[in-house]
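Q: Using the numbering used here, the first residue of the sequence shown is number 10, and each one after it goes up by one.
Beta carbons are placed, not taken as given, at the ideal position from N, Cα and C, and that holds for glycine.
These numbers come from a predicted model, not from an experiment.
Have a look at this one.
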Amino acid sequence: AQMISAIGIAQTIGMIGLGYVGDRSWMNVNVCYSACMVVCGISVLLMPVLVSSYIGLLLVCIIFGFTFASSFSFTPSILVSIVDLDDFTCAYGLVLLVQGVGMIAGPPIAGAIYEMTLRWDNAFYFAGVFVALSGVASYLIEFCEKREKGSDSDVSETKRTNLIH
Numbered sequence: 010a011q012m013i014s015a016i017g018i019a020q021t022i023g024m025i026g027l028g029y030v031g032d033r034s035w036m037n038v039n040v041c042y043s044a045c046m047v048v049c050g051i052s053v054l055l056m057p058v059l060v061s062s063y064i065g066l067l068l069v070c071i072i073f074g075f076t077f078a079s080s081f082s083f084t085p086s087i088l089v090s091i092v093d094l095d096d097f098t099c100a101y102g103l104v105l106l107v108q109g110v111g112m113i114a115g116p117p118i119a120g121a122i123y124e125m126t127l128r129w130d131n132a133f134y135f136a137g138v139f140v141a142l143s144g145v146a147s148y149l150i151e152f153c154e155k156r157e158k159g160s161d162s163d164v165s166e167t168k169r170t171n172l173i174h
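Written out as structure tokens, the structure reads:
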């Protein structure tokens, strides 16, 4: 129960802190999100390793909660940088749908991994790898977008102006 509470508290702080930092003009939200997802995946990978150490597991849970908060704080900003504002609500709905499918499918997949290997560790390794890969994939979107546009900005000035007004 203490680990779940630590995750929740860290996630609340992360949503506020990352939301504030993500709103700064110097912050590239896409890159920060990618880094957070990679660190989040690594924290999930480390959970089975640190399960015997209370302090180690607590630290990893705090890191997980804080970095996972980026998926809530940064998703709208990232979507605005990818799609037009007219398509934002549809795109956000699709993102929430995909996240929901992952949340519904995750526990049965973890159970199937346990039944095949008789070890819960492997379910954490599987999840950690895919969370980290999502960070790598989101960075590749940023990389391809920069190459295509030849620009360093994460949100065009027109989109930023429309979002503010």
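Beta carbon of MET12, beta carbon of LEU67: below 8 Å?
A: Cβ atoms of MET12 and LEU67: closer than 8 Å.
Q: As a quick exercise: from PHE97, THR76, GLU151, pick the residue whose alpha carbon is nearest that of THR21.
A: Among PHE97, THR76, GLU151, the Cα nearest to that of THR21 belongs to THR76.
Q: Enumerate in chain order the residues of its own chain whose CB-to-CB distance from SER143 is below 7 Å, with the five nearest sequence positions on each side excluded.
A: Excluding positions up to five away in sequence, the list reads MET46.
Q: Find out if the Cβ-Cβ distance for the pair VAL177, TYR148 is shorter than 8 Å.
A: Any answer about residue 177 is impossible in this case: the structure gives the chain only from 10 up to 174.
Q: For a minimum of 4 consecutive residues, which ranges assigned as the alpha helix (DSSP H) are wholly contained in the region 72-156?
A: Listed in chain order, they are 79-82, 84-91, 97-126.
Q: Taking just the CA atoms, how far does GLY115 sit from MET125?
A: Near 15 Å, if we compare the C-alpha coordinates of GLY115 and MET125.
Q: Do you know how far the Cα of PHE73 is from the Cα of ALA141?
A: Approximately 12 Å, taken between the alpha carbons.
Q: Please state if the CB of SER43 and the CB of GLU151 are separated by a distance shorter than 8 Å.
A: In this structure, SER43 lies closer than 8 Å to GLU151 by Cβ.
Q: Taking buried to mean at least 16 other C-beta atoms within 10 Å of its own C-beta, is GLY31 buried or exposed?
A: GLY31 is buried by the Cβ-count criterion.
Q: Between which two residues does the alpha helix (DSSP H) carrying ALA19 extend?
A: Unbroken alpha helix (DSSP H) run through ALA19: 11-31.
Q: Straight-line CA distance for GLN108 to TYR101?
A: Whole-angstrom Cα-Cα distance: 11 Å.
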